[in-house]
Amino acid sequence: MTDFQAIADRVEIEALRGEFTDAVMMRDRARLASLFTEDGVLRMPPVAEMTGREEIRVVGERLQAQWDFFVQNSHPGIIELDGDTATGRTYMQEIARLLDGKQGVNYAVYHDRYRRTGDGWKFSERVYEMRYVDMSPLGGNAPGAGA
Numbered sequence: 001m002t003d004f005q006a007i008a009d010r011v012e013i014e015a016l017r018g019e020f021t022d023a024v025m026m027r028d029r030a031r032l033a034s035l036f037t038e039d040g041v042l043r044m045p046p047v048a049e050m051t052g053r054e055e056i057r058v059v060g061e062r063l064q065a066q067w068d069f070f071v072q073n074s075h076p077g078i079i080e081l082d083g084d085t086a087t088g089r090t091y092m093q094e095i096a097r098l099l100d101g102k103q104g105v106n107y108a109v110y111h112d113r114y115r116r117t118g119d120g121w122k123f124s125e126r127v128y129e130m131r132y133v134d135m136s137p138l139g140g141n142a143p144g145a146g147a
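Using full-length UniProt numbering, you'd call the opening residue of the sequence shown number 1 and step up by one each time.
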């Protein structure tokens, strides 16, 4: 692999991670599911574990139906390339309020496995690890939320 190929792979993986956050924020679960390999796994203990694109889409829609609002910010972490596979981490900050009134701020890490496919890099596994949770009432509001 040339240095140019390694740079191109890193750029494509970073774009994949950014598209994940965009799909979540835009509530586009079909697009989010397409970012995974056919047998891809999304683990978010203790909330859900999803295997395959269809389950990721269906469970994601069910989870999003519970949101009043949700804001996710991702911050790039390491990417380690190994031929047609790679591993990496993405750091998350999230603010949310559910329709049942639960709300809070959390910080987390996604531990990722990526695979090169005919359609470019995809997630083969994404595991969510919560690092900090604050369920205190939020001081602000989300204009238009709940509408």
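Even for Gly, the Cβ is constructed at its ideal location relative to N, Cα and C.
Should residue 148 be labelled buried (16 or more other beta-carbon atoms within 10 Å of its own) or exposed? Lying outside 1 to 147, the shown extent of the chain, residue 148 is not represented and no answer is given.
CB-CB under 6 Å to residue 78, same chain, minus the five flanking residues each way: which ones, in chain order? 88 and 89
Judging by CA-CA distance, which residue of 84, 65 and 75 is the nearest neighbour of residue 98? 65
Cβ pair count under 8 Å reaching 3, the stretch 133-141 against the stretch 46-58: no
I'd like to know whether the C-beta atoms of residue 155 and residue 38 end up nearer to each other than 8 Å. The requested residue 155 does not occur in the structure, where the chain is confined to residues 1 to 147.
In terms of residues, what are the limits of the alpha helix (DSSP H) holding residue 34? 29-34
Is residue 124 near residue 18, with beta carbons less than 8 Å apart? no
Given this structure, state the Cα-to-Cα distance separating residue 76 from residue 11, to the nearest angstrom. 11 Å
Burial state of residue 7 (16 or more Cβ within 10 Å): exposed
Can you look up residue 22 in the DSSP assignment and give me helix, strand or coil? helix
Excluding the five sequence neighbours on either side, which residues of its own chain have a C-beta within less than 8 Å of the C-beta of residue 13, listed in chain order? 79, 86, 88, 114 and 121
Under the three-state DSSP convention, the category residue 63 falls into: Helix at residue 63.
Can the beta-carbon of residue 107 be found closer than 8 Å to that of residue 44? no
Exposed unless 16 or more other CB atoms sit within 10 angstroms - verdict on residue 20: Result: buried.
Residue 60 to residue 92 span [Cα, whole Å]: In this structure, the straight-line span from the alpha carbon of residue 60 to that of residue 92 is close to 18 Å.
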